[in-house]
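The C-terminal position of the sequence shown is numbered 283 in UniProt numbering, with every residue numbered one higher than the one before it.
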Amino acid sequence: RIAYVNGRYVKHSDAMVHIEDRGYQFADGVYEVCEVRHGVIVDLTRHLDRLNRSLSELRIAWPMTRQALVLVIRETLRRNHVRNGLFYLQVTRGVARRDHVFPPDGTPSSIVVTAKSTDQSVIARKNADGIKAVTVRDNRWDRVDIKSVGLLPNAMARQQAKEAGAQEAIYIDHNGMVKEGAATNVWIVDHDGNLVTRPAEHGILRGITRTTLMDVAAKLDVTIIERFFSVEEMMKAREVFITAATSICFPVVSIDGETIANGHPGSMSQKIREAFFDVAE
Ligand code: PDD
């Protein structure tokens, strides 16, 4: 495997960043994960727009022009022979002697791009069987709208899920309302057949898959309602599923050990998944 690190393509096993990189010391950086399907990057424009937003919210400089970054992404995919898989990119505030305040203007940001193929059979199995989730209290900072690499709470939540025999942890707010997964957005199908998801302005990441799914639903004549919904409503929903660039749309068939609906993936998530790649660009 080959990785791109600050201007050079290097063997993945030799790819390194400096010990005083602010990403390493302060989690002072942002990232994107983007799906590649049949050699096409899915939703690249939206991912780069969100990268731009994350960078500007944190006042981190672009590491290169947007056009140059697109070339680097494509070259990294090519060198890794990725047709179906994903790329990961990370930009940090760069290397500087450890000091909490920002380094002087002009300190170059660091950029890393990696790419890998994904095992389509694993994804197919999750779609066929559905996944299990647990609920957890949200203990993250209040800027989760920024796709920051500070993911320790998310890592701990996923670990907690794993130890409970589940694959995702679903964050719940102080009022018992559902937020999002540790690395996914959460959706339910209500008893009128509408798709319901939490408004993106309220303490969640605005997922790119979430945004594209709204286009998909419009095409399928499915109504989407952005509103708060409680854990109780989720447990009684007709369907629950999660979305992310890495998984598109996985049905959730059990939460906290309780079966959702009849315990099998629902028809809505399947319909959405099948239509997704016709709409995403
Ligand atoms: N996670 N919410 C959180 C907290 C996320 O970390 C992610 C993505 C999403 C879904 O966003 P999108 O549809 O743009 O992938 C929602 C990535 C995949 C990750 O951390 O690996």
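Virtual Cβ for every residue (Gly too), placed ideally from N, Cα, C.
For the pair of segments examined, the segment 164 to 175 was found not to touch the segment 209 to 216: the number of CB pairs separated by less than 8 Å stays below three.
Of the other Cβ atoms in all chains shown, fewer than 16 fall within 10 Å of the Cβ of H102; this residue is therefore exposed. Taking each of R95, L60, L71 and A277 in turn and checking the Cα distance to V19, the smallest one comes out for R95. If you draw a 10 Å sphere on the C-beta of L57, you find 16 or more other C-beta atoms in it, and that means buried. Exclusion of the five residues before and after P110 leaves G96 as the residues of its chain whose Cβ lies within less than 6 Å of its Cβ. For P253, the three-state secondary structure derived from DSSP is strand. Distances from the alpha-carbon of R52 to those of W64, V42 and G41 put W64 closest.
Buried is the label assigned to R48, since at least 16 other Cβ atoms lie within 10 Å of its Cβ.
Not one heavy atom of the ligand PDD is found less than 6 Å from the C-beta of N141.
Between V233 and I174, the C-beta gap is smaller than 7 Å, which places the two residues in contact.
Sorted by position in the chain, V35, E182, A185, N187, L207, G209, I210, T211, A246, A247 and T248 make up the residues whose C-beta lies under 5 Å from a heavy atom of the ligand PDD.
One alpha carbon belongs to R160, the other to E203, and they sit about 24 Å apart. Residue range R68 to R81 is occupied by the alpha helix (DSSP H) that includes T78. In terms of Cβ geometry, A17 and A5 form a close pair [threshold 7 Å]. Pairwise C-beta distances place the segment 144 to 152 out of contact with the segment 111 to 131, as fewer than three of them are shorter than 8 Å. E182 has its alpha-carbon roughly 24 Å from the corresponding atom of E283. Counting along the chain, no alpha helix (DSSP H) covers N187; the unbroken beta strand (DSSP E) around it starts and ends at N187 to V191.
Taking all protein chains in view, the Cβ of T186 is crowded by 16 or more other Cβ atoms within 10 Å, so the residue is classified as buried. Taking all protein chains shown into account, V42 has fewer than 16 neighbouring C-beta atoms within 10 Å of its C-beta and is therefore exposed.
Straight-line spacing of the CA atoms in M179 and R127 works out to 29 Å. A straight-line Cα-Cα distance of about 48 Å links A277 and R100. Annotation: the continuous beta strand (DSSP E) that includes S112 extends over S112 to S119.
Linking D121 to P106 through their CA atoms gives a straight-line distance of about 43 Å.
For secondary structure counted as the beta strand (DSSP E) over 3 or more consecutive residues, the segment 162 to 247 holds these complete runs in sequence order: 170 to 174, 180 to 183, 187 to 191, 197 to 199, 226 to 228 and 241 to 245. In the three-state scheme derived from DSSP, where H, G and I count as helix and E and B as strand, G96 is classed as coil.
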